[in-house]
Each structure stands twice: as structure tokens, then as C-alpha cells.
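Read through the structure below, which is laid out as C-alpha cells, and then see the notes.
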Amino acid sequence: WDVSVLIDGTTPEVQARLEAEQGLAEAGGVLAAGGTVAFPTETVYGLGADARNTAAVEAVFAAKGRPSDNPLIVHIADLSQLEGLVTEVNGTARRLMDAFWPGPLTLVLPAAPGAVSPRVTAGLDTVAVRMPAHDIALRLIAAAGCPVAAPSANRSGRPSPTLASHVGDDLAGRIDGIVDGGPTGVGLESTVVVAGDDGIVTVLRPGGITAEQLARHAADVRLDAALQSAAEAGGRDEDMPAPRSPGMKYTHYAPRGALRVVTGAAPERVAAAIQAELDAAKARGEVTGVLAFDEHLPLYRADCVLSLGSLTALETAAHRLYAALRRFDDDGVTFILAESCPREGLGAAVMNRLLKAAGGKVIKV
Ligand code: TXA
Ligand code: MG
Numbered sequence: 021w022d023v024s025v026l027i028d029g030t031t032p033e034v035q036a037r038l039e040a041e042q043g044l045a046e047a048g049g050v051l052a053a054g055g056t057v058a059f060p061t062e063t064v065y066g067l068g069a070d071a072r073n074t075a076a077v078e079a080v081f082a083a084k085g086r087p088s089d090n091p092l093i094v095h096i097a098d099l100s101q102l103e104g105l106v107t108e109v110n111g112t113a114r115r116l117m118d119a120f121w122p123g124p125l126t127l128v129l130p131a132a133p134g135a136v137s138p139r140v141t142a143g144l145d146t147v148a149v150r151m152p153a154h155d156i157a158l159r160l161i162a163a164a165g166c167p168v169a170a171p172s173a174n175r176s177g178r179p180s181p182t183l184a185s186h187v188g189d190d191l192a193g194r195i196d197g198i199v200d201g202g203p204t205g206v207g208l209e210s211t212v213v214v215a216g217d218d219g220i221v222t223v224l225r226p227g228g229i230t231a232e233q234l235a236r237h238a239a240d241v242r243l244d245a246a247l248q249s250a251a252e253a254g255g256r257d258e259d260m261p262a263p264r265s266p267g268m269k270y271t272h273y274a275p276r277g278a279l280r281v282v283t284g285a286a287p288e289r290v291a292a293a294i295q296a297e298l299d300a301a302k303a304r305g306e307v308t309g310v311l312a313f314d315e316h317l318p319l320y321r322a323d324c325v326l327s328l329g330s331l332t333a334l335e336t337a338a339h340r341l342y343a344a345l346r347r348f349d350d351d352g353v354t355f356i357l358a359e360s361c362p363r364e365g366l367g368a369a370v371m372n373r374l375l376k377a378a379g380g381k382v383i384k385v
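Counting in full-length UniProt numbering, the final residue of the sequence shown is number 385, and the numbers go up one at a time with none missing.
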């Protein structure tokens, strides 16, 4: 057999599939050999490494510039991979897996000692696990033949990547490969939860699966105390209880320009206040940007006006948010104001990320 002859003789579709298959096999081989490979998931691009291989996991932390006390999510392609990873899956966790896997839900479970590198769990006795709903991710993990530890594939503190080019912008020259699967779907990271055997589900990080969705499969859904108080205080994290999801305590997703989130009950007054601030910023020489919902877009004049879609379809806001934050950087915007949305459904995750990106800085109108 001459494989190249076989490939040349096929239709373009089959040839593309064969080439993709070869690419995934190669990328899986890089992971199996201890390398780092970025890949698409349904949420954001992840930077993968063999979760059992401490040197490989350390290369992920180094590439990202990530603090070592922030543990990684372990990605699996098949439920059978859970067996070696965790000591127990209670009934609540099982129900959530049945309902939402593969999908944007991460479960924090009791770790089987020694199953993954201690650098993955950052010394905790729990391990965060998820099965991504993305064909390329699932096939890559299967090809690697190991549990794949993967944080979002951005430099620490930057917006998470929703395109392969974002990964390249942040990590080119620092990692061993990127699998380009086009734009990600959800656009925000997975929801991280702890499932109690009493049926109570605690959300440590809001994300692609909403509290309302979780509630259909839980006795009760609660927000981690740190998230709760940050929300009530308008997003400020200072003096709040330490979050149980260590990553939530860092400033994240921040654009280079100064970003503030504007809240208020009356949309016209909010828009007027935003425009007044933009005009003042422009007058002192700032390059101005505004992140707004379609309903109010015509009300704004700024150097860079970006849309989060309609307030009636917050999945668009989730899908666009990180690319928008990066776009402000590309355009050299120095002063950015963002509208807010109700913290219902995906709005909870959108507001969580926006407030993180703003470092908790809120203007109340
Ligand atoms: O959608 C996602 O979850 C993406 C894609 C690539 O899968 N991954 C992602 O990973 O967002 P990362 O590293 O950016 O965020 C992981 C979050 C952090 O907030 C971390 O603190 C938390 O999960 N986490 C990991 N292990 C944990 C554990 N054992 N207990 C509590 N929180 C944990
Ligand atoms: Mg991240």
C-alpha cells in the first residue's frame, strides 16, 4: 500500500478527514510523550498535558505564567477514565454527569491518591474533572490515552481564548502545538461545582451550565460564599471569604485598558451616564471603548463600540465576551465601559467574568 496514493485518490472531503485524523493522532502522540498541546473545547481553548506527568504539567504552568496554587481541570473522553481518578462518585454527582456530560460542567470529586500529578490538584485532596462536548477534544484525549489536565490556553490573567489565533497570540513559542478547531461554542468556561451526597450542589465558578439547569437535577443549588458576597458587594473581591475554587481569587480576563462595569435599574440613565464618562475620557485623550447590548448600541459614540448581542439572548454575550476584550487591546483602547445584564441563566457567568475583567470596579448609576 502506498498511503499517499490512497489519499490522492479520495474526494476532498475524505482527504480532509484523513489529514485531520493524522493531525489528531500526531497531537495525541505529543501529549502522550509529555508535550503540551492547545485544543478546542465547547467552552474555550485548553492547554493540555498528561495529567499524570509532573514535568508536562509544570510546562503548562510555565507557559501560562500561572500561580502554582491554582489547580487544573482534568479532561476525560470516556466515563471509564473516572475509575482511576477518583475514590467515589456520589448519587448527586452521578445524576449531574448523566444530565450534562459531555458538556460544560466540571465536578470537584475526591481524588484517588497518586492518580494525577500533585501539581494538577495543587495539593488538594480533590480533583476537578470534566468531559468536554467537542468532537476534536474527545478524539484528542482518546488518542493521547491519558487523562488530560488543561487550563484555558491563555497567558495567566488574559481573556480566555475562543479562537486558535488567540492561543497563538498568547502562547506561540511556549507550547508544543495547537489544534485549530475554529471558534469555540459557549465562549465562557465550564461551571465548576461540588455535589454533596445530600443532593446539594454548590457552584464554585458559574459557567456554561446555568444554576437553573443544575436545579432540575439537585435538591438545592447554592453559590459558593465567596461568589455570593462578591455579587452582593457589586463584584468587589477584597475582604471576601476565600473562594473554594482557588482560581476565582485572581484578577482574570483583564484587557490592557481600564475597564469598568456600569450598573443601574434605568437603561436610559445608564446609557447617558456611560456616554458622559466616554466623552470626558475622550476629552482627556483616552482611546475609548464601550461594550453594550444591541438594544442600546445606537446610543453610544466611542472609538470602539462592540456588541454583546441582544439582552434577550445572553448566549451571544457569552460567545463574544472574550474576543471583544481582546479586540479592545488590538485597537489600543485605554478606557472601556461595559453595560451589565441580569445575573440569570448565562447572565450569572457573563457578569462574573465581566466583573473579574474589571477587577471588581463598578459604577452604580
Ligand atoms: O471550560 C473550562 O473549564 C476550560 C476548558 C479548557 O475545559 N478550562 C478552564 O480551566 O477554565 P482553568 O484552569 O482556567 O480553570 C479551572 C478552575 C479554576 O478556577 C480552579 O481553581 C478550579 O477550576 N479548580 C480546579 N481544581 C479544583 C479543585 N480540586 N477544587 C476546586 N476548584 C478547582
Ligand atoms: Mg482560565
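By construction, the Cβ of each residue, glycine as well, lies at the ideal position given by its N, Cα and C atoms.
For residue i, which residues from the same chain have a beta carbon less than 8 Å from its beta carbon, with the 5 sequence-adjacent residues on both sides left out?
i           : result
residue 216 : 110, 112 and 222
Indicate the three-state DSSP secondary structure (helix, strand or coil) for residue i in the structure shown.
i           : result
residue 242 : strand
residue 88  : coil
residue 140 : helix
residue 327 : strand
residue 256 : Confidence in residue 256 is poor, its pLDDT being 45 and thus under 50, which makes the residue's placement too unreliable to answer from.
residue 21  : Any answer about residue 21 is weak, because its pLDDT of 45 lies below 50 and its placement is not dependable; what the coordinates show is given next. Of the three classes helix, strand and coil, the one that applies to residue 21 here is coil, per DSSP.
residue 297 : helix
residue 106 : strand
residue 193 : coil
residue 78  : helix
residue 228 : coil
residue 393 : Residue 393 is absent from the structure shown; the chain starts at 21 and stops at 385.
residue 176 : coil
residue 309 : strand
residue 384 : strand
residue 206 : coil
residue 128 : strand
residue 286 : coil
residue 187 : helix
residue 169 : strand
For the alpha helix (DSSP H) that contains residue i, what are its first and last residues?
i           : result
residue 400 : Lying before the first or after the last residue shown, residue 400 is absent from the chain, which here runs from 21 to 385.
residue 236 : No alpha helix (DSSP H) holds residue 236; DSSP gives it neither H nor E.
residue 112 : 111–120
residue 222 : That residue, residue 222, is in no alpha helix (DSSP H); its beta strand (DSSP E) goes 220–225.
residue 336 : 334–350
residue 162 : 155–164
Could you tell me the boundaries of the beta strand (DSSP E) in which residue i lies?
i           : result
residue 58  : 57–59
residue 146 : 146–150
residue 95  : 93–95
residue 370 : From DSSP, residue 370 is part of no beta strand (DSSP E) but of the alpha helix (DSSP H) over 367–377.
residue 358 : 355–359
residue 216 : Neither: residue 216 is in no beta strand (DSSP E) and is coded neither H nor E.
residue 63  : Taken as a continuous stretch (DSSP letters only), residue 63 belongs to no beta strand (DSSP E), as it is neither H nor E.
residue 280 : 278–283
Return the chain-ordered list of same chain residues with a C-beta closer than 7 Å to the C-beta of residue i, the five sequence neighbours on each side being excluded.
i           : result
residue 194 : 83
residue 345 : 179, 273, 275 and 377
residue 115 : 237
residue 306 : 354 and 355
residue 239 : 218, 219 and 220
Under 7 Å: does the beta carbon of residue i sit that close to some heavy atom of ligand 2?
i           : result
residue 172 : yes
residue 209 : yes
residue 88  : no
residue 360 : no
Does the Cβ of residue i lie closer than 7 Å to at least one heavy atom of ligand 1?
i           : result
residue 148 : yes
residue 91  : yes
residue 226 : no
residue 237 : no
residue 205 : no
residue 44  : no
residue 181 : no
residue 95  : yes
residue 370 : no
residue 399 : There is simply no residue 399 to check, as the chain begins at 21 and stops at 385 in what is shown.
residue 80  : no
residue 168 : no
residue 152 : yes
Leaving out five residues on either side along the sequence, give the residues of the same chain with a beta carbon under 6 Å from the beta carbon of residue i.
i           : result
residue 207 : 182, 338 and 339
residue 205 : 62
residue 157 : 59 and 61
residue 55  : 196
residue 372 : 226
residue 174 : 180, 181 and 190
residue 255 : Interpretation of residue 255 is limited by its pLDDT of 47, a score under 50 that renders its predicted location unreliable; the figure taken from the coordinates is listed afterwards. Here the set comprises 375, 380 and 382.
residue 153 : 62, 122 and 123
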